[in-house]
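Q: Have a look at the structure that comes next, please.
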Amino acid sequence: VEGGLIAKMSPLFPNEAINLKNTVHTLPENGEIPHMPGWKWIHTPGHTPGHVSFFREEDKLLIAGDAFVTVRQDELYNVLIQKQELNGPPRYFTTNWMDAWNSIKKLESLKPEIATTGHGSPMFGKELETNLHNLVVNFESIAKPDYGRYV
């Protein structure tokens, strides 16, 4: 995997399947989330085939999960200091880069005001808008590795 120390260590990360049969339930086709009025789920594959993000229109709050992150995960230094930098999904486990890009475009089209991600701290307002647009336009150079298992 292209990238820094974290990416190089990724083959050592646990990757065995676990049984979530009694814990995970199918979400309704209409995009609603049971017991969470106002929230919608959005299929955002790329990092994983079944990845979803959550959005609440009322305050434009986006929970992106790992569709994109606000700390670059393949650089140990950035992970340790939590340097905020909007980036694509973690390189070491992203399985489909075209889907990842399309998912980020889909999330940008929602015009979120606040985004929280699976890695890093929340990003807000104009900074989020500018950085998310930049990621969409420059996805190949910012997010997608030049080589690796899934490229």
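The sequence shown lines up with residues 1 to 151 when you count with my numbering. Here a beta-carbon is modelled for each residue, glycine too, at the ideal position from N, C-alpha and C.
For K40, does the three-state DSSP call read helix, strand or coil?
A: Looking at K40 - three-state DSSP - the assignment turns out to be strand.
Q: Look at the alpha carbon of T95 and the alpha carbon of P11, and state the distance between them as a whole number of angstroms.
A: Looking at the two C-alpha atoms, the distance is approximately 14 Å.
Q: What's the gap between the Cα of T117 and the Cα of D66?
A: So the alpha carbons of these two residues sit roughly 6 Å apart.
Q: Can you list, in chain order, the stretches of the alpha helix (DSSP H) that have 4 or more residues and sit fully within the stretch 64-135?
A: DSSP runs (the alpha helix (DSSP H)) wholly in the stretch 64-135: 76-81, 97-109.
Q: What separation, rounded to the nearest whole angstrom, lies between the Cα atoms of E140 and K60?
A: Answer to the nearest angstrom: the Cα atoms are 27 Å apart.
Q: To the nearest angstrom, how far is the alpha carbon of P122 from that of T70?
A: Roughly 7 Å between the two C-alpha positions.
Q: Under the DSSP definition of a beta bridge, which residues are partnered with S53?
A: I42.
Q: Quick one: what's got a C-beta closer than 6 Å to I33's C-beta in the same chain, skipping five residues either side?
A: Answer for I33: W39, W41, listed in chain order.
Q: What does the alpha-carbon distance come out to for the pair L135 and P14?
A: C-alpha separation (whole angstroms): 29 Å.
Q: Check for me: the alpha helix (DSSP H) holding I142 runs from which residue to which?
A: Its alpha helix (DSSP H) spans residues 139-142.
Q: Could you tell me which of F68, L107, A100, K144 sits nearest to H119, measuring between CA atoms?
A: Among F68, L107, A100, K144, the Cα nearest to that of H119 is on F68.
Q: Can you tell me which residues form a DSSP beta bridge with L61?
A: Answer is R56, I114, bridged to L61.
Q: Assuming D99 and P45 form a contact by the criterion Cβ under 8 Å, report the distance between their Cβ atoms to the nearest whole angstrom.
A: Contact flag correct, Cβ pair sits at about 4 Å.
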